[in-house]
Every structure is written in structure tokens, then in C-alpha cells.
Amino acid sequence: MEEKVKLQQISKDSVSEIVVDFLKKKKETDKIDIAMIEKQTDGWIVRGTCPIDLEGHKWAEGFTVSLDLKGKIKNIDFSLL
């Protein structure tokens, strides 16, 4: 009889916390707005916005962060809104 070992998966709240903590350090801001957290077969996709300062002007920057099922960040994409 074979036993299947389940991978320990992280929760939606944990995914949000990982992304917010990472972006707070990377972007040096406390204002990170999560718009969507989507679970996929191979991991998680988190989308949202954070403020940036371009030559004294405030802008919003969108981000998409991909994480694997264990919560490790695989890819980050930023775009100016």
C-alpha cells in the first residue's frame, strides 16, 4: 500500500503577509494595497498597488507577485499606473 505525502500548503492570509512584508522592505513604504489573491495549481498570484515617488510626484505602481505553493517568491512584475 502506497502512502501519498501531501505538500504542506500555506494559507491565503500567509501569502498576503509574505507579499506585504517583502514589498514594505523593497519599496520602503507602509502602504501596500492587495487587490487580489488567486490560488493556482502551481502556486499563488497576488496583485495590488503601492505608492512611489518620481521626482517629487506621487504615483501608483501596480505589482504582480507569483509565489510557489510553499510561499517562496518566484517572480515580481511592477508597472506604473
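451 is the number of the first residue of the sequence shown in the numbering used here; add one for each residue after it. Using N, Cα and C, we set each Cβ at its ideal position, and we do this for glycine too.
For Lys489, no alpha helix (DSSP H) segment is defined; the enclosing uninterrupted segment is the beta strand (DSSP E) at Asp483 to Gln490.
A straight-line Cα-Cα distance of about 34 Å links Ser464 and Gly506. Leu517 is bridged by DSSP to Trp494 and Ile523.
Of the candidates Ile460, Lys462 and Lys475, Lys475 places its Cα closest to the Cα of Cys500. Straight-line measurement puts the Cα of Asp492 at about 24 Å from the Cα of Ile482.
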